[in-house]
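Some notes on the structure that comes next.
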Amino acid sequence: MSGRIYRIAPLEKTNYTILQASLDSGKRAVQALKSPNASTRYSAWRRLKEMGNKAIPELLALWRSTTPHFRARALHLLGRLKYESNPYLIEAMSDENASVRATAIRIAREQKMRVIDLIKRAVRDSSPAVRRECAIALNHSKSTLAPELWATIAMQYDGKDRFYLEALGIGAQGNEDVFFEAWMNLVKDDWDTPAGRDIIWRSRSKFTPAKLVLFIKDPSIDASEKTRYRRALDFLEGPEKDAALLQLLGE
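According to the numbering used here, the sequence shown is numbered sequentially starting from 3.
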């Protein structure tokens, strides 16, 4: 059985009226933005976006509320206002709610703002979720600060959070080699740890194949774990991978 439920009501109930939200003012549009109904929220969002700066007073009132998801909805509009450095996103980075901080980074990335300024503020955030957003936001970054920021985030990987590890991998795309080098410069000789081996396993840098060979040849590493290191070579390319495969074949 499959399908979609549009309405559940008693048999004797025949009248069904959908109340239309009034969006003729910023105050009413913000009230509609609080609605649990997705279509009502979207209509309110569009209306407030059309109003632009005229909606700021009402949106600020919602932003100052104590309900996190209402505040995030306000931020999604305030964060899109055209500023060289959006003050609302900067303010959000000091919010006590980690989801609000993560939302600010997502908005800046989506709007192609200077997300690097927000990442600098959050690179040592207490929340792994916020640091994951920082890592993802570094994807294909051209900033000269990006390698060190990514490496700092990578240093805080606990060896258990699979989502964190994947965020590091996504964030390194386009800068695999320089990010890996920056991490090695920070980690120094302590790279051969469970967390370090995870980062290398997920890395797509030209330095990765040689490290994978070391893991595969290491007698202290369990044979079942070595399987994933061999599999990781499938995701690599270039002369460094070829050299690694020849080294393994030559054993």
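We treat Cβ as the ideally placed atom computed from N, Cα and C, and that holds for glycine.
A straight-line Cα-Cα distance of about 8 Å links A153 and F182.
When secondary structure is reduced to three states using DSSP, A225 falls in the helix class.
When the Cα atoms are used, N99 and E150 turn out to be separated by approximately 26 Å. The region 65 to 72 makes no contact with the region 39 to 50, as fewer than three CB pairs between them are under 8 Å.
Within a 10 Å sphere around the beta-carbon of R230 sit fewer than 16 other beta-carbons, which makes this residue exposed. Within the same chain, Cβ atoms closer than 6 Å to the Cβ of L50 are found at A31, A57, L79, the five residues on either side in sequence being excluded. Contact between I118 and S145 holds, since their C-beta atoms are separated by about 5 Å, short of 8 Å. Shown here, H71 sits in a helix according to DSSP, grouped into three states.
Counting along the chain, the unbroken alpha helix (DSSP H) around S45 starts and ends at 40 to 53.
Here D160 is not near A184, since their CB atoms are 8 Å or more apart. Per the coordinates, the alpha-carbon of A131 lies some 20 Å from the alpha-carbon of G81.
In this structure R134 is buried. Its beta-carbon is surrounded by 16 or more other beta-carbon atoms within 10 angstroms. Annotation for E14: no alpha helix (DSSP H) segment contains it, and DSSP assigns it neither H nor E.
Within the region 71 to 149, the complete alpha helix (DSSP H) segments at least 4 residues long are 89 to 94, 100 to 112, 117 to 124, 130 to 139, listed from N- to C-terminus.
For the pair V125 and F209, the Cα-to-Cα distance works out to about 25 Å.
Assignment of K219 by DSSP, reduced to helix, strand and coil, places it in the helix class.
Sixteen is the threshold: when 16 or more other Cβ atoms of the shown chains lie within 10 Å of the Cβ of D200, as they do, the residue is buried.
In this structure, the straight-line span from the alpha carbon of E178 to that of D194 is close to 19 Å. Residue nearest to K219 within the set G252, A110, L64, E60 is G252 (criterion: CA-CA distance). K243 and G173 have their C-alpha atoms some 22 Å from each other.
If you draw a straight line from the Cα of A156 to the Cα of A46, it comes to about 40 Å.
Take the alpha-carbon of L250 and the one of K213: they are about 12 Å apart.
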